[in-house]
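In my numbering, the protein residues as written are 4 to 562. From the three backbone atoms N, C-alpha and C, an ideal C-beta is built for every residue, glycine too. Treat the numbers as computed from the prediction; the structure is a model and nothing was measured. Only one structure is covered here, and it is reproduced in the block below.
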C-alpha cells in the first residue's frame with residue numbers, strides 16, 4: 004500500500020464534518036495489512052491508535068499504552084529530539100536487532116489546523132536479506148544509515164528527473180574542521196559519536212523531498228530546494244548541534260559550502276566537489292561558517308592541488324629556504340631576525356608564504372614545513388658561531404597545529420644538541436591563537452622551554468579575543484604586537500590608548516615588547532613615546548635572503 008495515498012507528501016486532510024473516531028476506524032481497515040507500523044496521536048499528544056504491525060514491531064500485545072511507552076522509551080534512549088521528523092535506528096528487544104526507519108507527520112484538517120499526528124515505521128531490516136538488502140548496503144552508510152556517496156548521487160539524479168526543470172536547488176556540503184585531530188586525540192569512538200549525532204540532526208530537520216547523506220569521512224551533503232535554504236536558520240541549527248557536542252576538551256566547528264545548481268545535467272559528483280571547494284575556502288574559525296561556490300574557487304583548487312602534489316618533492320629537494328627580517332632596538336642596533344619560509348621553485352621562482360602556508364595548514368602538513376624551517380634556522384645559528392654574527396638571535400614560528408603533531412620541547416632541544424647552539428639565541432614564536440586554543444597546555448610548554456633556556460615570544464598579540472585572560476596564565480618572555488592593530492580600526496585614539504596600556508602592562512609583567520609592521524618614521528617615534536624599545540617592519544627592512552641579511556648587518560646595523 005502506498006502511504007502517500009493516505010498522507011500525501013507531508014500530511015493528509017480529512018473532511019471536518021466527519022466523525023474523527025469513525026474516520027480513524029475507516030483508516031485502520033486500510034492500514035492493518037500494510038507492512039509499515041502506524042502510531043496515531045491526537046492533538047494533545049495522546050496515543051489513540053496503532054495498527055497490528057506496530058504492535059509486532061515493538062513486541063507488545065494488544066495494549067496501546069504499553070506500545071506507546073515502548074516506543075517513547077526507545078526514542079529517549081536514542082536521544083531523538085522532540086521535533087524530529089525522520090530517523091533510522093536499531094531497535095533491540097528479546098535479543099533481536101531490527102533496523103527501523105521512522106517518519107513523523109502532522110495531521111491537518113482542510114483548514115490547516117493540526118488535529119493529530121502519526122508515526123510511520125518501516126522495518127528496513129526485514130528487506131536486508133533479499134535483493135533490496137544488497138542494494139541498501141551498496142547505497143547506505145553503515146555508521147549513520149544515511150545514503151553513502153553512491154546512494155546520494157543516485158537519489159539526487161532521481162530527484163532531478165522527477166521534478167520540474169525550472170525548480171531551483173542548492174547542494175549544501177558540510178565539513179568538520181580538524182576532525183582528524185579529534186579522532187587522533189580522543190579516539191575513533193568519540194569521532195563516530197559526533198558523526199552519528201550530526202546525522203541525526205540532519206535527519207530530524209530535513210523534509211521528505213530533500214536528499215541527504217554521508218559522502219566521505221566527516222563530510223555530509225544535502226540537496227534541497229533553493230527557496231528553503233536560509234543561512235540564518237542553518238547557522239542556528241548547526242550551533243544547536245555543536246553546543247551539544249562540544250566538551251571542555253575539544254570544540255566542534257562546522258563549515259558549510261553551498262553550490263547553487265544551474266545545470267541539473269552536470270555530474271552530481273562535480274556538484275559535490277564544487278560545494279566542497281566552497282567549504283575549503285573558509286578561513287574563519289567560527290562555530291558555523293558558510294561560503295558559496297564561485298568559479299575563482301576552481302582556480303584556487305587547482306593551485307592547491309599543484310602545491311600539495313609538489314610539497315614532499317620540494318622538501319626532499321630542499322626547495323624551501325629562509326628569509327630573515329631584521330629586529331632592531333630603538334637606536335637602530337640589530338639584535339635578531341625572524342625566519343620566514345620561502346619556496347624557491349626552480350621554474351616559478353620565489354613563491355611567497357601567502358600562497359602555500361594556508362594550503363599546508365588545511366592539509367595538516369604545516370608541521371613538516373615548520374620542522375624543516377626550524378632546522379634551517381638552527382643550522383644558520385651554528386654557521387654564525389665564531390663570527391661577528393654570533394649573538395644575533397633567530398625567531399621561528401610554531402603553528403597552532405604543531406602543538407598536536409610534534410613534541411615541541413623535545414624537537415627544539417634535539418636541534419640545540421645536534422648543532423651545539425645557545426638556546427638563548429633560538430627564539431620560539433607561538434601565536435596567540437595557538438595559546439588560547441589550549442592555555443593550560445601552552446603554559447606548561449612555555450615554562451618547560453624557558454627552563455631549557457629558550458626565549459618564548461607570543462606572536463600576533465591582540466589579534467584574538469582572549470588576550471588579557473591569557474596573560475594571567477602565560478608567562479612569556481616577549482609580546483609581539485602588530486601595528487595592524489592601529490591600521491584596522493577607525494577608532495585611532497581608543498586603539499592608541501589600548502596599545503599604550505598593553506605596552507605598560509607587558510613591562511609590568513616583566514615581558515619585553517616587539518612591535519611588528521612598523522612602516523613609517525612617524526609610527527616609530529610614536530611607539531618610542533609609548534615606551535616600546537624593539538621593532539620589526541618595512542621601515543627598517545623587508546625579509547631578505549640570508550646572504551643579503553649578513554651583508555646588510557655589516558653595512559647598516561653593526562654599531
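Outcome for residue i when other beta-carbon atoms lying within 10 angstroms are tallied against a minimum of 16
i	result
residue 307	buried
residue 514	buried
residue 438	buried
residue 420	exposed
residue 550	exposed
residue 524	exposed
residue 329	buried
residue 348	exposed
residue 280	buried
residue 546	buried
residue 69	exposed
residue 519	buried
residue 497	exposed
residue 99	exposed
residue 195	exposed
residue 239	exposed
residue 540	buried
residue 486	buried
residue 504	exposed
residue 283	buried
Cutoff 7 Å; reference residue i; Cβ partners in own chain excluding five residues on either side
i	result
residue 468	No answer about residue 468 holds up, because its pLDDT of 48 lies below 50 and its placement is not dependable.
residue 285	258, 292, 294
residue 271	156, 159, 160
residue 67	50, 53
residue 362	307, 310, 311
residue 39	6, 56, 123, 124, 125
residue 382	422
residue 229	171, 172, 173, 263
residue 274	174, 262, 264
residue 404	364, 367, 369, 370
Residues bridged to residue i [DSSP beta-bridge criterion]
i	result
residue 42	53, 122
residue 352	348
residue 174	226, 262
residue 331	337, 538
residue 324	345
residue 215	225
residue 460	432, 481
residue 396	339
Proximity below 8 Å, CB of residue i to CB of residue j
i	j	result
residue 89	residue 106	yes
residue 147	residue 199	yes
residue 451	residue 426	no
residue 343	residue 325	yes
residue 430	residue 460	yes
residue 102	residue 127	yes
residue 477	residue 449	yes
residue 227	residue 213	yes
residue 432	residue 483	yes
residue 435	residue 464	yes
residue 241	residue 248	no
residue 317	residue 552	no
residue 402	residue 373	yes
residue 538	residue 331	yes
residue 41	residue 118	no
residue 516	residue 501	no
residue 386	residue 323	no
Contacting residues, own chain, Cβ-Cβ under 8 Å from residue i (five flanking each side not counted)
i	result
residue 163	172, 267
residue 223	149, 176, 177, 201, 202, 205, 215, 216, 217
residue 368	311, 314
residue 408	367, 370
residue 231	210
residue 418	377, 378, 381, 424, 429
residue 557	391
Close-in-space but distant-in-sequence residues of the same chain around residue i (CB under 6 Å, 5 per side omitted)
i	result
residue 51	43, 45
residue 221	179, 182
residue 92	81
residue 59	none
residue 446	476, 477
C-beta neighbour in chain B for residue i, strict 8 Å
i	result
residue 155	Of the protein chains in the structure, only one exists, and it is not chain B.
Mind pulling the alpha helix (DSSP H) runs of 4 or more residues that sit fully within the segment 59-118?
67-81
Secondary structure, alpha helix (DSSP H): runs of 4+ residues fully inside the segment 235-295:
271-283
Kindly provide the ranges of any alpha helix (DSSP H) runs that are 4 or more residues long and lie completely inside the segment 468-550, ordered along the chain.
470-474, 487-490, 495-511, 524-532
Please list the segments of the alpha helix (DSSP H) lying wholly inside the segment 365-411, counting only runs of 4 or more residues, in order along the chain.
369-387, 405-408
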